[in-house]
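Numbering (the working numbering), first residue to last: 152 to 531.
One structure below.
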């Protein structure tokens, strides 16, 4: 009986804390701005206002011919200062290396390529590009055409005077229309969720300290777990609402396809949101004021998600130190998963490692928050 009464009282206190936090969110006009207006502004800016350039191209090579001419063409691609090549075994592997961003395209040389050229026919080449990065795909198309033209002139007999004996065809995977918003909008959703999860929650305990209400909360019989959940749950709901709003806008307003499962979307978003909330709450617990907390949230959460997550800049074109730092960010893994989910569909070879990393990071951060959330005014 006493145990049941204690559990009931524990839940009532938790519900009261959650209700208090929701009331603060509702009463604060900036909450409506962050949850509704700001995501729409982000989507409009990054969907319509940004174009991207490509750096070093990463191409897989599927050589079914194996003849002298095909090998010389592959050598020219490999020796190019703007291209890095590696072999792939089949089209299934080609799809995998493009989905996890190891390659931006695949050069496919058909098995009859050398035979057709030797017989005077037009040898066919196929370049498959990742249409989720439209500017890079267009760059690959133009660069491949130029390099193949140069190869014909230098490697084929009479190449300077003959009609080009190579028929280059392009195929766009995941984004056949090569629309840039299909690349940018999923990344914008990642940045928006980071903004809510890290930047806003970095202020919650710091705001209580500045207002003096932290003293009143400490004087109550609520536990550390109730304090943590009371701050965590409202912003988790706010983040999931914003994510749902953004995905709906992406599909309806920007016509971004959604080829995956809705429940996987919410699973990925939930785990990512917990890691972002853990980071923000840890900053808030360790900070004594809102200004310091906001700056820490900006420089450790929002800006890295904007610059290093692969949203705007290609991670593989960065310096090794920056690549290593990018691989420590949960936003990098959520961005990769979200693009795959929306443009390619369900792929657990990508989702599994991303979920594991984000889940482990979320558990570590929330455990640190719980440890640092002591019920006294000065824990130093």
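For every residue, glycine included, the Cβ atom is placed at its ideal position computed from N, Cα and C.
Note that the coordinates shown come from a computational prediction; the quantities given were computed from them, not determined experimentally.
Check whether the region 444-458 and the region 408-423 touch, using three or more Cβ-Cβ pairs below 8 Å as the test. Per the Cβ contact rule, the region 444-458 is not in contact with the region 408-423 (fewer than 3 Cβ pairs under 8 Å).
Element boundaries [beta strand (DSSP E), containing residue 246]: By one-based count along the chain shown, residue 246 stands at place 95. Per DSSP, residue 246 lies in no beta strand (DSSP E); the unbroken alpha helix (DSSP H) holding it starts and ends at 242-250.
Quick one: is residue 256 buried, meaning 16 or more other Cβ sit within 10 Å of its Cβ, or exposed? Taking the chain shown and counting its residues from 1, one reaches residue 256 at position 105. Residue 256 counts as buried, since at least 16 other C-beta atoms from the protein chains shown sit within 10 angstroms of its C-beta.
Could you tell me whether the region 431-445 touches the region 343-361, where touching means 3 or more Cβ pairs closer than 8 Å? With a cut-off of 8 Å, the region 343-361 and the region 431-445 count as touching, because enough Cβ pairs lie within range.
Please tell me whether residue 395 has its Cβ less than 7 Å away from any Cβ of chain E. You won't find chain E in this structure, because it holds only one protein chain.
Express the C-alpha separation of residue 486 and residue 469 in angstroms, rounding to a whole number. On the chain shown, position 318 is the one that residue 469 refers to. On the chain shown, position 335 is the one that residue 486 refers to. Taking C-alpha positions only, residue 469 is separated from residue 486 by approximately 17 Å.
Quick one: any contact between the region 230-243 and the region 490-505, if contact means 3 or more CB pairs under 8 Å? Not touching, per the Cβ criterion.
Just to check, is the beta-carbon of residue 490 closer than 6 Å to a non-hydrogen atom of the ligand GTP? No copy of the ligand GTP appears in this structure; indeed no ligand is present at all.
What is the DSSP secondary structure of residue 432, reduced to helix, strand or coil? For the purposes of this step, residue 432 is taken as the residue at position 281 of the chain shown. Looking at residue 432 - three-state DSSP - the assignment turns out to be helix.
Is residue 312 buried or exposed, if buried means 16 or more other CB atoms sit within 10 Å of its CB? Position 161 of the chain shown, counting from 1, holds the residue named residue 312. Unreliable placement is indicated for residue 312, whose pLDDT of 41 sits below 50; the coordinate value is still reported in the next sentence. Exposed, by the Cβ-count rule.
Residue 524 beta carbon less than 7 Å from that of residue 375: Within the chain shown, the letter at position 224 stands for residue 375. Within the chain shown, the letter at position 373 stands for residue 524. In contact: residue 375 and residue 524 (Cβ atoms closer than 7 Å).
Using beta-carbon positions only, say whether residue 254 and residue 209 come within less than 7 Å of one another. In the chain shown, counting from the first residue as 1, residue 254 sits at position 103. In the chain shown, counting from the first residue as 1, residue 209 sits at position 58. Annotated as proximal: residue 254 and residue 209, with beta-carbon spacing under 7 Å.
Kindly indicate which three-state DSSP category residue 236 falls into: helix, strand or coil? Working through the chain shown from its first residue, we reach residue 236 at position 85. In the three-state reduction of the DSSP assignment, residue 236 falls in the strand class.
How many angstroms separate the CA atom of residue 290 from the CA atom of residue 247? Along the chain shown, one-based indexing puts residue 290 at 139. Along the chain shown, one-based indexing puts residue 247 at 96. Cα to Cα, the separation comes out at about 21 Å.
Residue 347 and residue 397: beta carbons closer than 7 Å? The sequence position of residue 347 within the chain shown is 196, counting from 1. The sequence position of residue 397 within the chain shown is 246, counting from 1. Not in contact: residue 347 and residue 397 (Cβ atoms no closer than 7 Å).
Is the Cβ-Cβ distance between residue 482 and residue 456 less than 7 Å? Within the chain shown, the letter at position 331 stands for residue 482. Within the chain shown, the letter at position 305 stands for residue 456. A distance below 7 Å separates the beta carbons of residue 482 and residue 456.
Span separating the alpha-carbon of residue 276 from that of residue 260: What you label residue 276 is simply residue 125 of the chain shown in a count that begins at 1. What you label residue 260 is simply residue 109 of the chain shown in a count that begins at 1. If you take the alpha carbons of residue 276 and residue 260, they lie about 5 Å apart.
To which residues does DSSP link residue 256 through a beta bridge? Taking the chain shown and counting its residues from 1, one reaches residue 256 at position 105. In DSSP, residue 256 forms a bridge with 210, 280.
Cα-Cα separation, residue 403 to residue 409: By 1-based counting over the chain shown, the position of residue 403 is 252. By 1-based counting over the chain shown, the position of residue 409 is 258. Straight-line measurement puts the Cα of residue 409 at about 10 Å from the Cα of residue 403.
Would you kindly check if the distance between the Cβ of residue 459 and the Cβ of residue 479 is under 7 Å? Taking the chain shown and counting its residues from 1, the one referred to as residue 479 is at position 328. Taking the chain shown and counting its residues from 1, the one referred to as residue 459 is at position 308. No; because the gap between Cβ atoms is not below 7 Å, this pair is not in contact.
Assuming residue 357 is part of the alpha helix (DSSP H), what are its boundary residues? Counting from 1 along the chain shown, the entry for residue 357 is found at position 206. Segment 355-362, the alpha helix (DSSP H) holding residue 357.
So, is residue 99 buried or exposed, given that buried needs 16 or more other C-beta atoms within 10 angstroms? For residue 99 there is no data in the structure shown, the boundaries of the chain being 152 and 531.
Supposed close pair residue 227, residue 298 - CB separation, criterion 8 Å: Within the chain shown, the letter at position 76 stands for residue 227. Within the chain shown, the letter at position 147 stands for residue 298. Contact holds; Cβ gap of about 6 Å.
Going by beta-carbon coordinates alone, are residue 207 and residue 250 separated by less than 7 Å? Indexing the chain shown from 1 puts residue 207 at position 56. Indexing the chain shown from 1 puts residue 250 at position 99. Cβ atoms of residue 207 and residue 250: not closer than 7 Å.
Quick one: measure Cβ to Cβ for residue 344 and residue 229, integer angstroms, because I've assumed they're closer than 8 Å. Against the chain shown, residue 344 aligns to sequence position 193. Against the chain shown, residue 229 aligns to sequence position 78. Not quite, the Cβ-Cβ distance comes to about 40 Å (not below 8 Å), so this is no contact.
Please report the Cβ distance between residue 381 and residue 169, rounded to the nearest whole angstrom; I am assuming they are in contact, meaning their Cβ atoms lie under 8 Å. Numbered from its first residue, the chain shown carries residue 381 at position 230. Numbered from its first residue, the chain shown carries residue 169 at position 18. Their Cβ separation, rounded to whole angstroms, is 5 Å, which keeps residue 381 and residue 169 in contact under 8 Å.
Residue 405 beta carbon less than 7 Å from that of residue 463: As a first step, residue 463 is located in the chain shown; it is residue number 312 there, counting from the start. As a first step, residue 405 is located in the chain shown; it is residue number 254 there, counting from the start. The criterion of a C-beta distance shorter than 7 Å is not satisfied by residue 463 and residue 405.
Which two residues bound the contiguous alpha helix (DSSP H) that contains residue 470? Here the question's residue 470 lines up with position 319 in the chain shown. First-last for residue 470: undefined, no H or E at that position.
Using the Cβ count rule (16 or more neighbours within 10 Å means buried), how would you classify residue 542? Lying outside 152 to 531, the shown extent of the chain, residue 542 is not represented and no answer is given.
On a Cα-Cα basis, can you pick out the residue from 171, 365, 156 that is closest to residue 384? Residue 384 sits at position 233 when you count from the first residue of the chain shown. Here the closest residue by C-alpha is 171.
Distance between residue 245 and residue 391 (C-alpha atoms, nearest Å): Position 240 of the chain shown, counted from the start, is the residue given in the question as residue 391. Position 94 of the chain shown, counted from the start, is the residue given in the question as residue 245. Roughly 34 Å between the two C-alpha positions.
Here's the rule I'm using: 16 or more other beta-carbon atoms within 10 Å means buried, otherwise exposed. How should residue 352 be labelled? Taking the first residue of the chain shown as position 1, residue 352 is located at position 201. Residue 352 is buried by the Cβ-count criterion.
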